Amino acid sequence: MIFVFLLSSIILVSASALIACTIEKEELHIQILITGVITYSQICLVGRFLSVTGILSSPFAWLLCDLLFLAITLRLLHHSLTWEKIKEKHFWKNLFFRFSATCNSLITKQKESPQYILILLGIILVLLLAALLVATLFIPQNADDFLTAYLPRVGYWMQSDSLGLFEASAYNSPQSSYPLNAQIPWLRSIVLSGGDLFLGMDQWISALLSGTAIYGLSKFFGGNNGTSFFLAGIWLLTPSIATQIGVSLTDLYVIFLFLVAILFG
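For the sequence shown, the working numbering gives the first residue as -3, with consecutive numbering after it.
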């Protein structure tokens, strides 16, 4: 079942990335943010559709919707699934080469302290994010809101095959799925993977996307690459942000969408 979740996620992100490359051809950070927005929107829209049809807890229904989304995307954008086409197209190729060029420029430049501060910051961020990713995947989630409100709501939706109102006390935040609800991606991961292994991934990914949005806002206001990366790194290292990256909550999901709305607006 984990394979089904990974396959479905790859299909979904690939289709979203193709659309993002069509909308924005130059700025990589904008492409990444558009990909994130489309991915989360698609999950919530599919969840809403499967709720109406009463097959919300069917993993094959989720996978079929992702395949259909990819097929429609390829048809509308006139892409084909050949390796040469994928290899030529921008997104992953640009991501690798721009990252490689940035690292090479930092290493080969004159030994100025700001450059090496950025390298040190990058190493710290990679180690922190890697450690929090491992913690997210292998340490059981035990946050109070997660156990008393979010997870029971997802369980209720799965049992009823509907994203209807979860009737609970005011403390447990009764909530329906519209407008977009941050627990729908959790429901998708449980249905597709058959377990709760990936429940913290949305918060972890939202942290990266929020950092990318900070980078984009800095670039928009005239910051260079180094300054923008530094601000994004400081954002991720802020205690209130860093402590939530490895926890299954929804705060960073909301922050990511808020920052993207400001940047795109």
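From the three backbone atoms N, C-alpha and C, an ideal C-beta is built for every residue, glycine too.
Every value quoted in this text rests on a predicted model; they were computed, and no experiment measured them.
Between the alpha carbons of Ile258 and Ile68 lies a distance of about 29 Å. Between Leu116 and Gly222, the C-beta gap is not smaller than 8 Å, which leaves the two residues out of contact. Here Asp192 carries a coil assignment [DSSP, helix/strand/coil].
Scanning its chain for C-beta atoms nearer than 8 Å, with the 5 sequence neighbours on each side dropped, one finds around Val256 the residues Leu29, Gly32, Val33, Leu205, Ala209, in chain order. Around the beta carbon of Ala127, fewer than 16 other beta carbons sit within 10 angstroms, so the residue counts as exposed. With a contact defined as Cβ atoms closer than 8 Å, Trp153 and Leu52 qualify at about 6 Å.
By the neighbour-count criterion, in which a residue is buried when 16 or more other Cβ atoms sit within 10 angstroms of its Cβ, Phe1 is buried.
In the DSSP assignment, Asp62 falls within the alpha helix (DSSP H) that extends over 55 to 73. Cβ atoms of Thr144 and Met197 stay farther apart than 8 Å, at about 21 Å. Contact between Ala139 and Ser244 is confirmed by a C-beta separation of about 6 Å, below the 8 Å threshold. Ile230 is the residue among Trp200, Ile230, Ser202 whose C-alpha sits nearest the C-alpha of Ser214. Following the DSSP letters along the chain, one finds Ala178 in no alpha helix (DSSP H), marked with neither H nor E. Of the residues His25, Ser4, Ser47, Ala13, the one whose Cα lies closest to the Cα of Ile180 is Ser47. In summary, Val42 is buried, with 16 or more beta-carbon neighbours lying within 10 Å of its beta-carbon over all protein chains present.
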